Structure formats: structure tokens, C-alpha cells
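First residue of the sequence shown? That's 13 in my numbering, and the numbers climb one at a time after it. By construction, the Cβ of each residue, glycine as well, lies at the ideal position given by its N, Cα and C atoms. Since the model is a prediction, treat every value here as computed from it, not as a measurement.
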Amino acid sequence: MAIHLTNLVSKTLDTHIRRTCVHIFRLLSTFDHRSSDAEELPKPPKKPYTMFFEFLDRNRQAVVSNNPGIKNPEVISLISNMYRNLSEADKTLLREESVKRFQAYKEEYVKFKASLSPQQLQAMTILSQKKKASRLKREKKRAEKKYGHPQRPISSYGVFVRENKGKRGNMGFAEFSKYLSRIWKEMSDKEKSVYHDMSLAERERYAVQMVDWEQLMLEEGRPELIRGYKKTKQKKAKTKPKTKTKTKAKKKRKTKKKTSKKNLEDI
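Okay, structure coming up:
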């Protein structure tokens, strides 16, 4: 059994190391790709602050100097109270300044796009799409954590590692991973069947919990967190032409025919 366990650990560690290397390679490749895209493009004009953040930036230094040792959340809380207590005249002035800043930014951004080549425009579009996809992915993970997304099931090998992680002792992580991987390789199908059953139970548990969780997300108005969700654009219903005008025209024609017949009879 000790030999089987050793082979299992070895195989586990080999798989873990292989996956870790693949993950690191992907991260490096995406980083290189993003950096190359960013190097090809000139820096766009910086988007100006909104009203509140402009007010925050102007008053941060004064609040920090008047309150030594104050923490950042407390700084934001104090400035938020100051912002709420501003007079209408001061808020109007801030609003007008904000409008001017954004108008200047829009004009500068139009000039910036006009100065780009078609290749640069395409690269900027691709980079923007990647940033948006990455942001949406992060937001989805945060939302799943916030709403208590059920824990995803693990494979048979993952169950085996989880059940045997207490046997690590003084072994290093890499050494212990190889040990588990080697044990897993040497185990018979009968010995592995225990972990296969446990993994199957994990998947069944996850399937049941996901049904309840996705129903809760529908009730909470968060359908984008459900598996297979695709945002569809609502098509405007085509308005059928009114048939009243046709019926009126037909009635007029009939009345004309009737009157013409009466006139002939009179003659």
C-alpha cells in the first residue's frame, strides 16, 4: 500500500506541476501580448475625474495634514461629508467645471483617434475588448463570492490529494506532489474506485446546489451569473400597417359604384 501511495503522490505532483507550468506560461504569454499591444499604441488622453473625485483630489492633502495618522477610509469619509454639505452654488460650480473638463477630453480624444493609423485603431479595439472581458470576469468572480457560489467539485485525483495531504510531514511541496503522483499511478482500479465514488458524490452535490443557487440569482435579478447566460438584444416589434385605411378606401369605392348605378337608373 505504501508503494501505491508513493506512486499516487508522484503522479499527483507531476500533474500539479504540469498544470502550474501551463498556467504560468499562459500568464506570461498574455502579459507579453498586452505589453506589445500597449507599446504599439500611443497613450490616449487621460479621462478627467468626476465631480466627487475631483473634490476628493483637491481636499485630500488638507485633510491628511490636519489629521496626522488618519487612514484612507477615514479620509474618504470626512471628504464625503464635506461634499454632501456643500452649498448649491459650490456644487453648481463643480458641475460646470466637470462639464468643461469632459468636453475638452472628448475633443482631445477625437483628435487622438484621428491621428491613429487603421492598424493602430484595430489594435486599440482588440485591446479594449480584452480589457473589458478581463474586467467582466473579475466582476463575475467577485459577485459569485458575494452571493455564495457553491464550491465546485474536484476530480478523483483531487479527492485523493485532499484525503492524503495530512501525510506530508516535513516533505517539501514539490517532493510531496511527486510522491502522491507516483502512488496514484501504482494504485489499482479497485483502490481508485473509492475516490471515483467520492468525486461523483461531489459532482452530484454541486449539481443540486447549483439549481437552488441559480434560482436564487434569478430572484435577485442577477441572471448573468447563471451558466450559459447570453445577453440578447431585444428586437423591436415591427408595427403592422393599419388596415383601417384600406377598409375605408374599399367602402368609398363601393359607395361610388352604388351612386353611379342610381344615377344611371334615374336617367
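Distance CB(residue i)-CB(residue j) smaller than 8 Å
{"i": "Arg-234", "j": "Pro-165", "result": "no"}
{"i": "Ser-168", "j": "Lys-202", "result": "no"}
{"i": "Tyr-218", "j": "Pro-162", "result": "yes"}
{"i": "Val-171", "j": "Met-199", "result": "no"}
{"i": "Met-136", "j": "Leu-128", "result": "yes"}
{"i": "Asn-71", "j": "Met-94", "result": "yes"}
Exposure of residue i, with buried meaning 16 or more beta-carbon neighbours within 10 Å
{"i": "Lys-190", "result": "buried"}
{"i": "Ser-193", "result": "buried"}
{"i": "Arg-188", "result": "First, the residue type needs correcting, since residue 188 is Phe and not Arg in the sequence shown. Per the 10 Å Cβ criterion, buried."}
{"i": "Lys-55", "result": "exposed"}
{"i": "Val-220", "result": "exposed"}
{"i": "Asp-102", "result": "exposed"}
{"i": "Tyr-207", "result": "buried"}
{"i": "Ile-91", "result": "buried"}
{"i": "Met-13", "result": "Because the pLDDT of Met-13 is 44, which lies under 50, any placement of that residue in the model is unreliable, and the number read from its coordinates should be weighed accordingly. Label assigned to Met-13: exposed."}
CA nearest to the CA of residue i, picked from the options
{"i": "Val-105", "options": "Gln-131, Ser-89, Leu-148, Phe-64", "result": "Here the sequence assigns Leu to residue 105, which means Val is not the residue at that position. Measuring from the Cα of Leu-105, the nearest candidate turns out to be Phe-64."}
{"i": "Ser-110", "options": "Ala-155, Gly-178, Glu-66", "result": "Glu-66"}
{"i": "Lys-223", "options": "Ile-238, Lys-83, Leu-212", "result": "Position check: residue 223 holds Val in this sequence, whereas Lys was assumed. Of Ile-238, Lys-83, Leu-212, the residue nearest in Cα terms is Ile-238."}
{"i": "Trp-196", "options": "Glu-175, Asn-182, Gly-184, Gly-181", "result": "Glu-175"}
{"i": "Val-173", "options": "Phe-185, Pro-162, Ser-92", "result": "Phe-185"}
{"i": "Glu-231", "options": "Met-183, Tyr-159, Gln-131, Asp-102", "result": "Tyr-159"}
{"i": "Tyr-61", "options": "Val-87, Gln-115, Met-94", "result": "Gln-115"}
{"i": "Ile-53", "options": "Met-229, Val-87, Leu-133", "result": "Checking the displayed sequence, the identity of residue 53 turns out to be Leu instead of Ile. It is Leu-133."}
{"i": "Leu-228", "options": "Asp-209, Glu-156, Ser-99", "result": "Glu-156"}
{"i": "Glu-236", "options": "Gly-178, Glu-151, Arg-180, Gly-181", "result": "Glu-151"}
{"i": "Ile-88", "options": "Leu-68, Ala-74, Pro-80", "result": "Leu-68"}
Cβ neighbours of residue i in the same chain (closer than 7 Å, five flanking residues each side left out)
{"i": "Pro-57", "result": "Tyr-117, Glu-120, Tyr-121, Phe-124"}
{"i": "Arg-107", "result": "Met-63"}
{"i": "Val-34", "result": "Note on Val-34: pLDDT 47, under 50, position unreliable in the model; the coordinate value appears next. For Val-34, where only same-chain residues beyond five positions count, there are no Cβ hits under 7 Å."}
{"i": "Lys-59", "result": "Tyr-117"}
{"i": "Glu-86", "result": "none"}
{"i": "Ser-22", "result": "Note that Ser-22 has pLDDT 44, beneath the 50 cutoff, so the model's placement of it is unreliable and no number is given."}
{"i": "Val-76", "result": "Ile-82, Val-87"}
{"i": "Ala-213", "result": "none"}
6 Å Cβ shell around residue i - same chain, five flanking residues per side excluded
{"i": "Leu-40", "result": "Below a pLDDT of 50, predicted positions are generally treated as unreliable, and Leu-40, at 46, falls in that range; the measurement from the model is reported next regardless. Cβ within range, chain order: n/a, list empty."}
{"i": "Arg-180", "result": "Phe-188"}
The ligand SAH heavy atom lying under 7 Å from the CB of residue i
{"i": "Leu-212", "result": "No copy of the ligand SAH occurs in the structure displayed, which carries no ligand at all."}
Residue-chain proximity (residue i, chain B), Cβ-Cβ < 8 Å
{"i": "Ala-155", "result": "Judged by its chain identifiers, the structure shown contains no chain B, having just a single protein chain."}
Beta-carbon contacts of residue i that lie in its chain and below 8 Å, excluding the five residues immediately before and after
{"i": "Trp-225", "result": "Tyr-159, Gly-160, His-161, Pro-162"}
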